[in-house]
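Protein chains in written order, with the working numbering: chain A, -6 to 268; chain B, 506 to 800. Every residue, glycine too, gets a C-beta built ideally from N, C-alpha and C. None of these values were measured; they are calculated from a predicted model. Written out below as structure tokens is the structure these notes cover.
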Amino acid sequence: MTLGETQHLLWRLITAPEGVAAALAADADRGGSIAAQLARMVRSDRLEAAQRLDIYANMYFFRILDVLKEEFPATAALLGEVGFHNLVTDYLLRHPPAHFSIREAGRQLPELLAGHAATALHPCAADLAAYERALRDAFDAADAPPLTASALAAVPQSDWPSLRFALHPSVRVIASDWPVDVVRAAVDQGESPADPEAIPTRVCVWRHEFAVLHRALSSGELAGLSAIARGASFEDVCSVIGEPYAADAAAREVALALARWLADGWLVEPSTTQR
Amino acid sequence: MSCAVRSGFPALGFGVGLRPPHYGHVLEAHPAVEWFEVISENFLIAGGRPLQVLERVRAQYPIVLHGVSLSIGSTDPLDADYLRRLRQLAERIDAAWISDHLCWTGVGGHNLHDLLPLPYSEEALEHVVSRVQRVQDALGRRIALENVSSYLTFCDSVLPEWEFLAAVAERADCAILLDVNNVFVSAHNHGFDAHTYLAGIPVERVVQFHLAGHSDHGTHLLDTHDHPVCDGVWDLYAAAVRRFGALPTLIEWDDRIPPFERLHGEAKRAAAVAAEARRDTRRDATSAVASDHRA
């Protein structure tokens, strides 16, 4: 057996969701020969080859489980020990880690949860996981100097309509039917989470210096930030924020939103290039 | 050869692994640790607190980058992006050196985030040597490779682990990070003599020691990094210092992480054990010279 064949067989057995012994038994039932290959590959002495591989299989699963519990503490608490364990089993089957950093191991968990049986039991679970992933992403995001009010004031008035703001790399906007930020805050306080009542929730997550912060958004802010994320011009951002208002009130809303975003450090150097 | 290999690895003394629970203490109290080692992959990120902490710690202490995902033994292609980012990070913080493990961590584009052993075969030897040379070219420096704890051995192995490690280091011209706890754990798990292992490693290639705690699972020892260093590992460390010299030594503690002072205490103990071992070595050498003189 070549080195590559050895590694592929070991990977297959270590990641078998039912465990090494069960995977070997299932293969034997199908008339396979993996047990014989393993016997020729790994020495058995005080421990059988399958028991030795099981040590690696357990370390693989429980290391990732621990990492995901740390990254998604509220999701894990909501689903409970067994529910989260089963979710991670399904997750590793569909999305085995591929990135060199274990911090990336949970990236697709919210996506899996969206169509998972656990979300039928806990309707907020997928959005909660997405919120928790956003907290992680904000923590690890690139640094960038925030746009200042004085820098913005220097932009010629004629350039403003075509101005394209850019969001700070740490900014993540979450819109959910569930109060995911409240659920996570409760778990951070040591409380046991319960499935919340549906409450439309709009929240922005970002990093200020070393701290990851979050605050609720108005519907206008959500529309405006989403437009900026799409690369819209300032003129278009004004349109989506001001849509529900008369002209004077719309201008006030835009000015208010812009002032808050600058104060919170959500914007970086804009461009005036056309898209 | 001794000077050539070790010249790229400064004599840093006794350090500990830098982990997030201790960031605040290290930045505020500036403990008298001689150096820190960090897990490279945790800092191959775009920005944020970890990198800022790393740069602030680096302003006060030497730092070594210790990787867990190089996967030098994998049959997957080397990850050029990973190597590029690792080199950038090493240059950004002026890392004292870069190390990783003699193992494979994944295949088929997947990463098990575990350190799996290789068959100690000619095929694996050629494969690893070629990749170490390419990695050293990509990083622009000699790396140190660490022996791993293992829980299985391969029927295809034609060399004992220590001969394989020595051959990789000699043929690829890399250094060795000797993890004394891993030698202890694997010796127990596979029934070889840990002192035979030490005797089979070329002195001039070893540039650093690791020390850590492990767990006894009855049928095997597990390299868990969640306990103090045990007496048997301290004894083996003393033997390693007598053979290889008082090289830079680092305490790893990754789970159930204790208060910083407890961790620092392990590094101080390592310094004391190393000093005692060096005294033994000098006494033995003096006795031998005196004996020769009388003869």
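Check: What's the gap between the Cα of A277 of chain A and the Cα of L249 of chain A?
Finding: Here chain A comprises residues numbered -6 to 268, so residue 277 of chain A is not present and cannot be evaluated.
Next item on the list: Closer than 7 Å by C-beta to I57 of chain A: which residues in its own chain qualify, once you throw out the five before and the five after it? Chain order, please.
Entry: As a first step, residue 57 of chain A is located in the first sequence; it is residue number 64 there, counting from the start. Once the five neighbours on either side are set aside, the close Cβ partners of I57 of chain A are V81, L85, P90, A98.
Notebook entry, point to check: E228 of chain A: which of A:Y238, A:G217, A:P237 sits nearest, CA to CA?
Noted result: Your numbering for residue 228 of chain A matches position 235 in the first sequence. The candidate whose alpha carbon is nearest that of E228 of chain A is A:G217.
Margin query: Rounded to the nearest angstrom, what separates V196 of chain A and L72 of chain A at their Cα positions?
Written below: Residue mapping note: residue 196 of chain A aligns to position 203 of the first sequence, counting from 1. Residue mapping note: residue 72 of chain A aligns to position 79 of the first sequence, counting from 1. Using only the alpha carbons, I get a separation of about 23 Å.
Next item on the list: Quick one: give me the first and last residue of the alpha helix (DSSP H) that Q0 of chain A is part of.
Entry: Residue mapping note: residue 0 of chain A aligns to position 7 of the first sequence, counting from 1. -4 to 7 is the extent of the alpha helix (DSSP H) around Q0 of chain A.
Check: DSSP on W667 of chain B, reduced to helix/strand/coil?
Finding: As a first step, residue 667 of chain B must be located in the second sequence, where it is residue number 162. Reduced to three states, the DSSP call for W667 of chain B is helix.
Next item on the list: Could you run through the stretch 679 to 713 of chain B and flag, in chain order, every residue whose CB is less than 7 Å away from some CB of chain A?
Entry: none
Item checked: Pairwise C-alpha distance: A743 of chain B and A782 of chain B -> Along the second sequence, read from residue 1 onward, the residue named residue 782 of chain B stands at position 277. Along the second sequence, read from residue 1 onward, the residue named residue 743 of chain B stands at position 238. The alpha-carbon atoms of A782 of chain B and A743 of chain B are separated by roughly 5 Å.
Next item on the list: Starting from R195 of chain A, follow its DSSP beta bridges and name the residues at the other end.
Entry: One-based indexing of the first sequence puts residue 195 of chain A at position 202. A:A168.
Check: Quick one: Cα of A179 of chain A to Cα of V173 of chain A, how far?
Finding: Locating residue 179 of chain A in the first sequence gives position 186, where the first residue counts as 1. Locating residue 173 of chain A in the first sequence gives position 180, where the first residue counts as 1. Roughly 10 Å separates the two Cα atoms.
Margin query: Taking the alpha-carbon of R554 of chain B as reference, which of A:A42, A:A147, A:F132 has the nearest alpha-carbon?
Written below: Your numbering for residue 554 of chain B matches position 49 in the second sequence. Selected option, being the one with the closest Cα: A:F132.
Checklist line | Residue burial classification, H632 of chain B (beta-carbon count within 10 angstroms, cutoff 16) | finding: On the second sequence, residue 632 of chain B is found 127 positions in, with the first residue counted as 1. Label assigned to H632 of chain B: buried.
Note to self: Considering only the alpha carbon of each residue, which of A:E74, A:G213, A:S185, A:A159 lies closest to S264 of chain A?
What the structure shows: Stepping through the first sequence from its first residue, residue 264 of chain A is reached at position 271. Here the closest residue by C-alpha is A:A159.
Next item on the list: Give the residues from the stretch 606 to 627 of chain B that approach chain A closer than 9 Å (Cβ to any Cβ), ordered along the chain.
Entry: W609, T610, G611, V612, G613, G614, H615, N616, L617, H618, D619, L621, L623, P624, S626
Check: For a contact meaning CB atoms closer than 8 Å, what does P66 of chain A contact in chain C?
Finding: Looking at the structure shown, chain C is missing, and the protein chains on hand are A and B.
Margin query: Please tell me whether P162 of chain A has its Cβ less than 8 Å away from any Cβ of chain B.
Written below: Start at 1 with the first residue of the first sequence, and residue 162 of chain A comes out as number 169. Interface residue, yes.
Note to self: Measuring alpha carbon to alpha carbon, tell me which residue in B:A795, B:N694, B:L752, B:P733 is nearest R710 of chain B.
What the structure shows: Within the second sequence, numbered from 1, the residue matching residue 710 of chain B stands at position 205. Cα-wise, what sits closest to R710 of chain B is B:L752.
Next item on the list: Could you tell me whether the Cβ of W254 of chain A comes closer than 8 Å to any Cβ of chain B?
Entry: Locating residue 254 of chain A in the first sequence gives position 261, counting from the first residue. Not closer than 8 Å to any Cβ of chain B, the Cβ of W254 of chain A fails to qualify, so no.
Item checked: Inter-residue spacing [alpha-carbon to alpha-carbon] between A595 of chain B and N616 of chain B -> As a position in the second sequence, residue 595 of chain B is number 90, starting the count at 1. As a position in the second sequence, residue 616 of chain B is number 111, starting the count at 1. Cα-Cα distance, rounded: 23 Å.
Item checked: I95 of chain A: contacting residues in chain B (beta-carbon distance under 9 Å) -> Reading the first sequence from its first residue, position 102 is the one you call residue 95 of chain A. Ordered by position in chain B, the residues that pass the 9 Å Cβ test against I95 of chain A are E546, N547, V573, S574, N616, H618.
Note to self: I want to know whether the stretch 569 to 582 of chain B touches the stretch 524 to 539 of chain B - three or more CB-CB distances under 8 Å.
What the structure shows: no
Note to self: Along the chain, where does the alpha helix (DSSP H) containing S219 of chain A start, and where does it finish?
What the structure shows: For the purposes of this step, residue 219 of chain A is taken as residue 226 along the first sequence, with counting starting at 1. 212 to 222 is the span of the alpha helix (DSSP H), which, as asked, contains S219 of chain A.
Notebook entry, point to check: Just how far apart, CA to CA, sit N79 of chain A and G613 of chain B?
Noted result: Along the first sequence, read from residue 1 onward, the residue named residue 79 of chain A stands at position 86. Along the second sequence, read from residue 1 onward, the residue named residue 613 of chain B stands at position 108. Taking the straight line from one Cα to the other gives about 25 Å.
Notebook entry, point to check: Helix or strand or just coil, what does DSSP make of H615 of chain B?
Noted result: On the second sequence, position 110 is the one that residue 615 of chain B refers to. Three-state DSSP puts H615 of chain B in coil, outside helix and strand.
Margin query: Using a Cβ-Cβ cutoff of less than 6 Å, which residues in the same chain neighbour D188 of chain A once the five nearest sequence positions on both sides are dropped?
Written below: The residue you call residue 188 of chain A lines up with position 195 of the first sequence. These residues qualify, in order along the chain: H115.
Next item on the list: Would you mind telling me which residues of chain B sit closer than 8 Å to F227 of chain A, beta carbon to beta carbon, in chain order?
Entry: Taking the first residue of the first sequence as position 1, residue 227 of chain A is located at position 234. Residues of chain B passing the Cβ test: none, with the nearest at roughly 26 Å.
Next item on the list: Would you list the one or two residues that DSSP bridges to G520 of chain B?
Entry: On the second sequence, residue 520 of chain B is found 15 positions in, with the first residue counted as 1. Looking at the DSSP assignment, G520 of chain B forms a beta bridge with B:W540, B:L755.
Margin query: Can you give me the C-alpha to C-alpha distance between W758 of chain B and P764 of chain B, rounded to a whole angstrom?
Written below: What you label residue 758 of chain B is simply residue 253 of the second sequence in a count that begins at 1. What you label residue 764 of chain B is simply residue 259 of the second sequence in a count that begins at 1. In a straight line, the C-alpha of W758 of chain B is about 11 Å away from that of P764 of chain B.
Margin query: Strictly under 8 Å for the Cβ-Cβ distance: is S654 of chain B near chain A by that measure?
Written below: Walking along the second sequence from the start, residue 654 of chain B turns up at place 149. No, S654 of chain B lies away from the interface with chain A (no Cβ there is under 8 Å from its Cβ).
Next item on the list: Classify R200 of chain A as helix, strand or coil using the three-state DSSP reduction.
Entry: The residue given as residue 200 of chain A occupies position 207 in the first sequence. Residue state, collapsed to three classes: strand.
Margin query: Cutting at 8 Å between CB atoms, please list the residues of its own chain near P139 of chain A, excluding the five before and the five after it.
Written below: Counting from one through the first sequence, the residue named residue 139 of chain A turns up at place 146. Excluding sequence neighbours, P139 of chain A sits near H161, L255, G258, W259, L260, V261.
Check: Just checking my contact of V521 of chain B with V712 of chain B at CB under 8 Å: how many whole Å lie between their CB atoms?
Finding: Walking along the second sequence from the start, residue 521 of chain B turns up at place 16. Walking along the second sequence from the start, residue 712 of chain B turns up at place 207. Wrong, their Cβ atoms sit about 18 Å apart, outside the cutoff.
Note to self: Measuring only the C-alpha atoms, how far is E11 of chain A from H1 of chain A?
What the structure shows: Within the first sequence, the letter at position 18 stands for residue 11 of chain A. Within the first sequence, the letter at position 8 stands for residue 1 of chain A. The straight-line gap from Cα to Cα measures roughly 18 Å.
Note to self: Closer than 8 Å between beta carbons: that is the criterion. Which residues of the stretch -3 to 23 of chain A meet it against chain B?
What the structure shows: G(-3), T(-1), Q0, H1, L3, W4, I7, T8
Notebook entry, point to check: What span of residues does the alpha helix (DSSP H) with I598 of chain B cover, start to end?
Noted result: Residue mapping note: residue 598 of chain B aligns to position 93 of the second sequence, counting from 1. Run containing I598 of chain B: 585 to 598, per the alpha helix (DSSP H) assignment.
Notebook entry, point to check: Is it right to say T(-1) of chain A is buried, meaning 16 or more other beta carbons lie within 10 angstroms of its own, or is it exposed?
Noted result: On the first sequence, residue -1 of chain A is found 6 positions in, with the first residue counted as 1. T(-1) of chain A comes out buried.
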